[in-house]
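Asks: Each protein sequence line maps, in turn, to chains A and B. Start counting the first sequence at 1; every next residue gets the next number (this note's numbering). Start counting the second sequence at 575; every next residue gets the next number (this note's numbering). C-beta atoms are modelled at their ideal positions from N, C-alpha and C, and glycine is treated no differently. Submitted below is the structure of interest, expressed as structure tokens.
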Amino acid sequence: MTTLTIDNLQVSYTVGRERLDVVRGVSLEIEPGQLLAVVGESGSGKTTTAQAATGLLAGNGSITGGRVLIGESDVSGWSEKRFRDLRGRSIGWIPQDPNNSLNPVKKVGESVAEVLRIHRWKDRAARRARVIELLDYVGIPNPELRATQYPHELSGGMKQRVLIAGAIALEPALLIADEATSALDVTVQAKILDLIDTLRRDSGTAVLMVTHDLAVAADRSDRLVVLRDGTVQESGDTDRVLAHPESAYTRRLLKDAPSFASLSLGDSLRLDSTPPAKPEISRGERALHVVEREVFEGVSHRSEDVDGSDAPVVVARNLVQDFGRAGAPQRAVDNVSFSIAPGSTHAIVGESGSGKTTTARIVLGFQKPTSGTVHIHGREITGLRGAGLRELRRRVQMVYQNPFGSLDPRQSIGDIVTEPLRNFGIGDAAERRTRVAQIIDRVALPATVLTRRPHELSGGQRQRVAIARALVPGPDVVVLDEAVSALDVTVQARILELLGELQRDLGVSYLFISHDLAVVRQLAHTVSVLRGGELVEEGRTARVFDHPEHEYTRQLIAAIPGRRAAAAGALASA
Amino acid sequence: MKYVLGRLGQAAAVLLAAFTVAFVLLQAMPGDALMIKFENPELGLSPDQIAALRVAYGADTPLPIQYVHSLLGFLGGDFGYSIQSGTPVKQLLAEVVPGTLLLASLGFVAAVLLAVGITILANLPGLRRIADVFRALPSLFVAVPVFWLGIVLIQVFSFQLRLIPVVNPGPVEGLILPVLTLAVPISAPLAQILIRSVDDVLGYPFVAVVRARGAGPWWILSKNVARNAVLPAFTMAGVLFGELIGGAVVTETVFGRAGVGRLTEQAVSQQDTPILLAVVLLSATVFVVINLVVDLLYPVLDPRLGARKRGIARISRERKVVAV
Ligand SMILES: Nc1ncnc2c1ncn2[C@@H]1O[C@H](COP(=O)(O)OP(=O)(O)O)[C@@H](O)[C@H]1O
Ligand SMILES: [Mg+2]
């Protein structure tokens, strides 16, 4: 018996007087034990489809056509009250962000027990036994103790396990996971996905997985449904879709997904694969050798050794950063060194809490390290003040993860991009105008955006504005802190291309902070892998990814989703 | 434990500061109680006699000595004597404090009940229309002046409906209107905070999770939202107490009840400094104690607090480092 059938579903939201049709004829079927992944960019209607199946649509949403069958009963017209009995009992739901999905003032054991209480498990002892059994099953060590702890005492992955325990407590036939692993570190993500696989095998639970991450979907699903603007672009067996995508849209998604791109590119680094005709690149290449001699072979760099322009732009040595009380300091960064050649990209990768952002803040001069030095163009910058600090601020610019939060919503794009020029007193009004116009053109935005405001732009456009603002004062180094992490793959791919182009043309260096190894592999020339503040491994990107020396690096690389797709892609092209 | 001791020390420091400020301000007032009392022409006292009286009351000793003297007195539980009547201030307070305490606590309890009631009605599932009426209520209540409300209540319940006698009401009947008068304006900010924080909490992702497990609106409200929503209101308790004192003074005057409010009002018009000093210190003590209790109880209600405190320490340290 099919667990979930969605047949030509139509959903619309009413906003003011307007009716938005966001799901327009979606059909899918999930059999027991199957995992069906719904993929698509943000706003394509994935979440809405999943919500419609459980009667959890927002107040202004309604099903305007089609049918939803749970098992054999058509639930599309059901009242909220009737749905309540189904939720938790027949349909389990795993939420997106484990960090805010548990009641902060409830012990996690009680949160798991809640679903039992809602569905009238009256016996307290039975509830407690079931909770411990569940926590144990989802892989929480020492469940008796953990059950009595509060959410803030658990890690993100642990919280997601607790939420899964709650979702499967009554052995529902269907599990819905809406971006359930998107907020987790890769290694944790891999473990949670393994847990969901185990669950399917053990209890024959059907899983509807909603995700924007094509690589995850490709690795784990039996069937794929690709959504765009509320319509199905493609649907079928995962292997078939990956090997022989029928729709042009799926092909583009597959091409833009960084994990597929870099894995199918195989081993070659961007840098190496670029034709040597471009002089900037060969300069970058030469500079890399200098950096390598210094950093990897321990040869101390002296300026007379090489042409001055090839000396590293950034040299960070033995950075240490402690936080907290003097008696019991927490070491956020522990003896980290790296350097960046001119016109090249150095990536710092690591999971959350590994010290990536703190390291970046030190390089930006926002933070004085407990010990260690940072030289930019040979000049020590830790502890700079006054004019020196201002000059540093001009030479080292920053692009943040969230383009919306970092752009002042009340200013026009023109003002936002001009601001650094005004701040640093560069040029007169006319000169500033031409520089801003040039850079806007350079990041491939139409001149008309200058009069717009941030909220009128798309996420990708806003990130282009942020890049333009960073580049306009002519920096030597741009620090990109998770700068493409919040973007959809196709937008992300375009931004990554843009960054590469700008680097080639302007010779700017990037310090690229990311948790996403696939992206790093695509963009970076050199990479440092951090764990718990310590430098685990460093080197040329190709070497680190293809011949990782450290066990942790190997684990990280193994956890990158997208192997199956890459294999299928290789198959298809062979 | 260290935290508790620290907070106790802080409380003591606040009290000392309150005493000092009150002492200085009261001394700085133009005129003094002795003059008001004895320079009345009907008494016909000569300047010499007045000077002798001033010495007897200790008014000629230098201020720092007076300050130390009365501070030591307060520490020993001796609040001095009323200048107007000569009665020990302690005795005057003992007469009026129980009545005021009763009024204030009943008023507070009524305000909390009222606020919680309004919040529940404002979130009644399925009754959006009615809920909107109750959502508008607190902003109306905030605007109502205490004395005006008292007068209206007396008009309606005593004179028009004749439910509660104005003259010589029974002990219980006599409390109903003052308590209501006091409770309504205090319930308003409380209800506003509660309604807002219930709305906030309802938007948290964990509420969606509970809903996806089959919980109905009542379950969500009572078993998940309530405790989270109470936290911000709880921190308001100290501020509300200030309003409670102000309200009590007005209420006692309007209803002609004996109490700290009336005592204060008389003392102000006669510039009876010892009484005023004692009243200020009494209010400060209750204020400090309430805030202390709130602070000490908060971590019990919110298990995250310990962790968050550490987080805050860490952040402020980061800031400092940046500033250097
Ligand atoms: N409550 C709502 N009211 C109005 N529009 C909404 C609402 N929820 C979602 N939408 C819109 O519906 C579309 C689909 O959203 P969603 O299902 O969340 O997409 P996805 O999960 O694929 O990112 C988007 O354009 C979104 O802005
Ligand atoms: Mg979504």
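Would you call the segment 458-477 of chain A and the segment 388-400 of chain A touching, i.e. three or more CB-CB distances under 8 Å?
Replies: Contact between the segment 458-477 of chain A and the segment 388-400 of chain A is present, because at least three Cβ pairs lie under 8 Å.
Asks: Looking at Val834 (chain B) and Leu902 (chain B), is the spacing between their C-beta atoms short of 9 Å?
Replies: The structure shown does not extend to residue 902 (chain B), since chain B is modelled only from 575 through 898, so no value can be given for it.
Asks: Name the residue from A:Arg531, A:Gln330, A:Ser339, A:Val320 whose alpha carbon lies nearest to the alpha carbon of Asp310 (chain A).
Replies: Along the first sequence, one-based indexing puts residue 310 (chain A) at 310. Nearest C-alpha to Asp310 (chain A): A:Ser339.
Asks: Is Thr614 (chain A) buried or exposed, if buried means 16 or more other CB atoms sit within 10 Å of its CB?
Replies: For chain A, the structure presents residues 1 to 574; residue 614 (chain A) sits outside this window and is missing.
Asks: Return the first residue and the last residue of the beta strand (DSSP E) that Val863 (chain B) is part of.
Replies: Start at 1 with the first residue of the second sequence, and residue 863 (chain B) comes out as number 289. Looking at the DSSP string, Val863 (chain B) is not in any beta strand (DSSP E); the run it does join, the alpha helix (DSSP H), is 847-875.
Asks: Quick check: the Cα distance between Leu590 (chain B) and Thr859 (chain B), rounded to an integer number of angstroms?
Replies: By one-based count along the second sequence, residue 590 (chain B) stands at place 16. By one-based count along the second sequence, residue 859 (chain B) stands at place 285. Taking the straight line joining both Cα atoms gives about 10 Å.
Asks: Quick one: does the C-beta of Asp123 (chain A) sit closer than 8 Å to a heavy atom of ligand 2?
Replies: Your numbering for residue 123 (chain A) matches position 123 in the first sequence. No, since every heavy atom of ligand 2 falls outside the 8 Å radius drawn around the Cβ of Asp123 (chain A).
Asks: Flag this pair as yes or no: are the beta carbons of Thr358 (chain A) and Gln321 (chain A) separated by less than 9 Å?
Replies: Locating residue 358 (chain A) in the first sequence gives position 358, counting from the first residue. Locating residue 321 (chain A) in the first sequence gives position 321, counting from the first residue. It is a contact, given that the beta carbons lie within the stated cut-off.
Asks: If you measure from each CB to the nearest heavy atom of ligand 1 and keep those under 6 Å, what residues do you get, in chain order?
Replies: This selection yields A:Tyr13, A:Val15, A:Leu20, A:Val22, A:Gly40, A:Ser42, A:Gly43, A:Ser44, A:Gly45, A:Lys46, A:Thr47, A:Thr48, A:Ala58, A:Asn60, A:Gly61.
Asks: Short of 8 Å in beta carbon distance, which residues of its chain neighbour Leu102 (chain A), apart from the five on each side in sequence? Order them along the chain.
Replies: Along the first sequence, read from residue 1 onward, the residue named residue 102 (chain A) stands at position 102. Correct list, in chain order: Val108, Ser111, Pro151, Lys159, Val162, Leu163.
Asks: In terms of residue numbering, what span does the beta strand (DSSP E) encompassing Asp537 (chain A) cover?
Replies: Within the first sequence, residue 537 (chain A) is the residue found at index 537, counting from 1. One point to set straight first is that residue 537 (chain A) is Glu, not Asp, in the sequence displayed. Start and end: 534-540.
Asks: Near Leu445 (chain A), what residues of its chain come up, given a Cβ to Cβ distance below 6 Å and the 5 sequence neighbours on each side ignored?
Replies: Against the first sequence, residue 445 (chain A) aligns to sequence position 445. Excluding positions up to five away in sequence, the list reads Arg464.
Asks: Determine the DSSP secondary structure at Leu269 (chain A), reduced to helix, strand or coil.
Replies: Residue mapping note: residue 269 (chain A) aligns to position 269 of the first sequence, counting from 1. Annotation note: pLDDT 35 at Leu269 (chain A) (below 50); position unreliable, no value reported.
Asks: Cβ-heavy atom distance between Asp210 (chain A) and ligand 2 below 8 Å?
Replies: What you label residue 210 (chain A) is simply residue 210 of the first sequence in a count that begins at 1. First, the residue type needs correcting, since residue 210 (chain A) is Val and not Asp in the sequence shown. True, at least one ligand heavy atom lies under 8 Å from that Cβ.
Asks: Runs of 4 residues minimum, wholly inside the segment 375-461 of chain A: which ones carry the alpha helix (DSSP H) assignment?
Replies: Fully enclosed alpha helix (DSSP H) runs of 4 or longer: 386-395, 413-423, 429-442.
Asks: Which two residues bound the contiguous alpha helix (DSSP H) that contains Val813 (chain B)?
Replies: Translated into positions along the second sequence, residue 813 (chain B) becomes position 239. That run of the alpha helix (DSSP H) goes 811-829.
Asks: Any heavy atom of ligand 3 closer than 8 Å to the beta-carbon of Asp178 (chain A)?
Replies: Of the ligands this structure carries, namely ligand 1 and ligand 2, none is ligand 3.
Asks: Tell me which residue opens and which closes the beta strand (DSSP E) that Arg67 (chain A) is part of.
Replies: The count along the first sequence starts at 1 and reaches residue 67 (chain A) at position 67. It spans 61-70 - the beta strand (DSSP E) in which Arg67 (chain A) sits, taken as one unbroken run.
Asks: Can you have a look at Phe733 (chain B) and say buried or exposed, based on whether 16 or more other CB atoms are within 10 angstroms of its CB?
Replies: Working through the second sequence from its first residue, we reach residue 733 (chain B) at position 159. Counting Cβ neighbours within 10 Å, Phe733 (chain B) comes out exposed, since fewer than 16 surround it.
Asks: Taking Cβ-Cβ distances shorter than 8 Å, what residues in chain B pair up with Pro95 (chain A)?
Replies: Within the first sequence, residue 95 (chain A) is the residue found at index 95, counting from 1. The contacting residues are Pro779, Ala782, Val783, Ala786.
Asks: Quick check: Gln461 (chain A) and Gly343 (chain A), are their CB atoms within less than 9 Å of each other?
Replies: For the purposes of this step, residue 461 (chain A) is taken as residue 461 along the first sequence, with counting starting at 1. For the purposes of this step, residue 343 (chain A) is taken as residue 343 along the first sequence, with counting starting at 1. No, the Cβ-Cβ distance between Gln461 (chain A) and Gly343 (chain A) is not below 9 Å.
Asks: Identify every residue that forms a DSSP beta bridge with Trp93 (chain A).
Replies: The residue given as residue 93 (chain A) occupies position 93 in the first sequence. DSSP lists A:Ile176 as partners of Trp93 (chain A).
Asks: Here's the rule: buried if 16 or more other CB atoms are within 10 angstroms of the residue's CB, otherwise exposed. What is Thr577 (chain A)?
Replies: Given that chain A is displayed from residue 1 to residue 574, the structure contains no residue 577 (chain A) and the question cannot be resolved.
Asks: Would you list the residues sitting across from Tyr510 (chain A) in a DSSP beta bridge?
Replies: Within the first sequence, numbered from 1, the residue matching residue 510 (chain A) stands at position 510. Tyr510 (chain A) is bridged to A:Thr345, A:Val478.
Asks: Can you tell me where the alpha helix (DSSP H) with Ser203 (chain A) in it begins and where it stops?
Replies: Counting from one through the first sequence, the residue named residue 203 (chain A) turns up at place 203. Run containing Ser203 (chain A): 186-203, per the alpha helix (DSSP H) assignment.
Asks: Given Ile794 (chain B), which residues of its chain have a CB within under 7 Å of its CB, disregarding the five upstream and five downstream residues?
Replies: By 1-based counting over the second sequence, the position of residue 794 (chain B) is 220. The residues are Val781, Val784, Arg785.
Asks: Have a look at the DSSP bridge pairing and note the partners of Gln840 (chain B).
Replies: Against the second sequence, residue 840 (chain B) aligns to sequence position 266. BP columns for Gln840 (chain B) are empty, so no partner.
Asks: Within this structure, are the beta carbons of Gln34 (chain A) and Ala206 (chain A) separated by less than 9 Å?
Replies: Taking the first sequence and counting its residues from 1, the one referred to as residue 34 (chain A) is at position 34. Taking the first sequence and counting its residues from 1, the one referred to as residue 206 (chain A) is at position 206. Cβ atoms of Gln34 (chain A) and Ala206 (chain A): closer than 9 Å.
Asks: Which stretch, first to last residue, makes up the beta strand (DSSP E) that contains Glu29 (chain A)?
Replies: As a first step, residue 29 (chain A) is located in the first sequence; it is residue number 29 there, counting from the start. Its beta strand (DSSP E) spans residues 18-30.
Asks: Distance cutoff 9 Å, beta carbons only. Does Asp85 (chain A) sit that close to anything in chain B?
Replies: As a working mapping, residue 85 (chain A) is identified with position 85 in the first sequence. Yes, because at least one Cβ of chain B sits closer than 9 Å to the Cβ of Asp85 (chain A).
Asks: For Pro275 (chain A), count the other beta carbons within 10 Å of its own beta carbon; 16 or more makes it buried, fewer makes it exposed. Which is it?
Replies: By one-based count along the first sequence, residue 275 (chain A) stands at place 275. With a pLDDT of 32 at Pro275 (chain A), under the threshold of 50, the modelled position of this residue cannot be trusted, and the question is left open.
Asks: Output needed in chain order: residues of the segment 696-714 of chain B with a Cβ under 8 Å from some Cβ in chain A.
Replies: Residues: none.
Asks: Please determine if the segment 804-815 of chain B and the segment 112-123 of chain A are in contact, where contact requires at least 3 C-beta pairs separated by less than 8 Å.
Replies: At 8 Å Cβ cutoff, the stretches do not touch.
Asks: Against chain E, does Lys122 (chain A) count as a neighbour if the rule is that its beta carbon must be under 9 Å from one of theirs?
Replies: In the displayed structure, chain E is absent; the protein chains listed are A and B.
Asks: Under 7 Å between beta-carbons, which chain B residues line up against Arg146 (chain A)? List them in chain order, please.
Replies: The sequence position of residue 146 (chain A) within the first sequence is 146, counting from 1. Those do not exist, as Arg146 (chain A) stays about 14 Å from chain B at its closest Cβ, beyond 7 Å.
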